[in-house]
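Undergrad: Just so you know, the UniProt record's numbering puts 217 at position 217 of the sequence shown, and the rest follows in order with no gaps.
Glycine is no exception: its CB is placed at the ideal position from the N, C-alpha and C atoms.
Bear in mind that the values here come from a model prediction, so they are computed numbers and not experimental data.
Next up is a structure, given as structure tokens.
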Amino acid sequence: MKVGVSIYPHFIREGRTLPSILAEIKIKNYDFVQIFPHALGLIKNGVVVENHLQEIEAALRGVGIEYIVRMPVSLNLRDSVYYSRHFKVAKAALDVAIKLGAKIIVMQSGKTGRLDLEIDAIRTLADTASKFGIRIALENTFSVKDTLYVIDNVDRDNVGFALDVAHAFLSAQGDENKLLEDVKLGIEKTILLLVHDNFGKMFPQVEPEDALAYGVGDLHLLPGEGKIPFGKVLKMFDDSIPILVKVKDPKVFNNLPPKDDLIQRLRR
Numbered sequence: 001m002k003v004g005v006s007i008y009p010h011f012i013r014e015g016r017t018l019p020s021i022l023a024e025i026k027i028k029n030y031d032f033v034q035i036f037p038h039a040l041g042l043i044k045n046g047v048v049v050e051n052h053l054q055e056i057e058a059a060l061r062g063v064g065i066e067y068i069v070r071m072p073v074s075l076n077l078r079d080s081v082y083y084s085r086h087f088k089v090a091k092a093a094l095d096v097a098i099k100l101g102a103k104i105i106v107m108q109s110g111k112t113g114r115l116d117l118e119i120d121a122i123r124t125l126a127d128t129a130s131k132f133g134i135r136i137a138l139e140n141t142f143s144v145k146d147t148l149y150v151i152d153n154v155d156r157d158n159v160g161f162a163l164d165v166a167h168a169f170l171s172a173q174g175d176e177n178k179l180l181e182d183v184k185l186g187i188e189k190t191i192l193l194l195v196h197d198n199f200g201k202m203f204p205q206v207e208p209e210d211a212l213a214y215g216v217g218d219l220h221l222l223p224g225e226g227k228i229p230f231g232k233v234l235k236m237f238d239d240s241i242p243i244l245v246k247v248k249d250p251k252v253f254n255n256l257p258p259k260d261d262l263i264q265r266l267r268r
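Laid out in structure tokens, this is it:
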């Protein structure tokens with residue numbers, strides 16, 4: 001079973017270097033990382049910064065770890081007003097994946113706007129990506145059904161599902177049976193499992209610093225610290241599906257358990 005870790009932009013902004021982070025992840029036996037090209041200075045004003053590519057590639061390959069690419073969270077290919085800007089950034093992120101030799105690029109789906117624009121854009125990106133053996137994994141913002149609808153309508157062999165279990169749990173409003181029903185819908189399309197924990201509650205709306213106290217929202221906790229039944233979810237998949245751990249607290253990230261311990265947490 002391959003397990004990776006997401007390196008969020010703020011981890012690097014807080015003084016850590018990419019090589020040092022990669023080395024620690026490798027020591028803990030994780031198999032791959034998810035990188036955000038724009039956070040590494042590889043995209044500026046929708047254009048790839050070519051002279052930074054070699055440095056990042058050297059860091060990744062120097063540690064000897066695999067990597068996938070994540071498009072910016074702000075990307076919204078349904079935005080009819082600023083569509084060209086969003087698409088330009090998406091194309092730049094794909095170009096980075098091509099130049100670095102990454103084989104999976106993750107992007108979020110399900111924001112408001114014109115669905116037809118998003119579907120057409122993903123088709124165009126997928127056609128380019130397929131020439132380089134790259135798969136596009138669409139992540140559910142919340143609803144599994146909505147994202148699967150997009151995937152089905154894009155209808156490209158190299159476009160699949162990045163199933164964010166925590167987002168699906170929030171969409172199911174903490175209902176374990178509903179979560180498992182939703183997960184079952186996406187099994188055949190899933191090419192990447194995204195794991196982090198929460199309590200399945202979206203309300204009441206509170207200030208960000210109060211969210212953990214209330215157990216509300218997309219908390220990005222370490223698996224086992226919330227209420228998601230990861231053991232039941234993992235039994236629905238075989239070990240060929242890679243798992244990506246998404247924790248956002250720098251302290252939790254710095255104390256991430258070794259890969260084998262993390263797998264045990266997930267299988268409880």
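1) What are the boundary residues of the beta strand (DSSP E) that includes D120?
2) Going by DSSP, what residues sit across from S109 in a beta bridge?
3) If we count Cβ pairs, one from each stretch, closer than 8 Å, do we get three or more for the stretch 102 to 114 versus the stretch 132 to 149?
4) Beta carbon of D265, beta carbon of G224: below 8 Å?
5) What's the C-alpha gap between Q54 and M1?
6) On the criterion of 16 or more Cβ atoms from any shown chain inside 10 Å, does D182 qualify as buried, or is it exposed?
7) With a threshold of 16 other CB atoms inside 10 Å of the CB of N51, please say whether the residue is buried or exposed.
8) Nearest by alpha-carbon distance to L219: which of L60, K99 and K248 is it?
9) Go ahead and pull the three-state DSSP assignment for V216.
10) Could you say which of V165, R78, V47 and G200 lies nearest to I122 if we only look at CA atoms?
11) Buried or exposed: which applies to D155, given that a residue is buried once 16 or more other Cβ atoms fall within 10 Å of its Cβ?
12) Taking DSSP as the reference, what is the three-state secondary structure of G4?
13) Give the DSSP-derived three-state secondary structure of F169 in the structure shown.
14) Under 8 Å Cβ to Cβ from M202, same chain only, skipping five residues before and after it: list those, please.
15) When the Cα atoms are used, what is the spatial distance from D116 to L18?
16) In chain order, which beta strand (DSSP E) runs of at least 3 residues are fully inside the stretch 30 to 118?
17) Contact between the stretch 187 to 194 and the stretch 208 to 215: three or more CB pairs below 8 Å?
18) Give me whichever residues DSSP pairs with D197 in a beta bridge.
19) Quick one: grab the DSSP three-state call for R13.
20) Expressed to the nearest angstrom, what Euclidean distance is found between the alpha-carbon atoms of L100 and Y30?
21) Distance, Cα to Cα, L221 vs V33?
22) Can K246 and L194 be called in contact, C-beta distance under 8 Å?
23) Just to confirm, are V3 and I263 a CB contact at a threshold of 8 Å?
24) Go through its chain and collect everything with a Cβ distance to Q205's Cβ below 8 Å, but skip five positions before and after it.
25) So what's V245 in DSSP terms, helix, strand or just coil?
TA: With the structure as the only source:
1) Where D120 is concerned, there is no enclosing beta strand (DSSP E), although the alpha helix (DSSP H) it sits in stretches over L115 to S130.
2) Answer by DSSP bridge pairing, in chain order: N140.
3) A contact between stretches requires three or more CB pairs, one per stretch, nearer than 8 Å, and the stretch 102 to 114 meets this requirement with the stretch 132 to 149.
4) It is worth fixing the name first, because residue 265 is Arg in this sequence and not Asp. Yes, they are a contact pair.
5) 30 Å
6) buried
7) exposed
8) K248
9) coil
10) R78
11) Classification of D155: exposed, given that the 10 Å Cβ count is below 16.
12) Three-state result, G4: strand.
13) When DSSP states are grouped into helix, strand and coil, F169 belongs to the helix group.
14) L170, Q173, V216 and G217
15) 37 Å
16) The stretch 30 to 118 contains these whole beta strand (DSSP E) runs: 32 to 35, 66 to 70 and 104 to 109.
17) Segments in contact, no.
18) L221.
19) helix
20) 20 Å
21) Computed Cα separation, rounded: 18 Å.
22) The answer is yes: Cβ separation under 8 Å.
23) yes
24) So the list reads V216, once near-sequence residues are dropped.
25) strand
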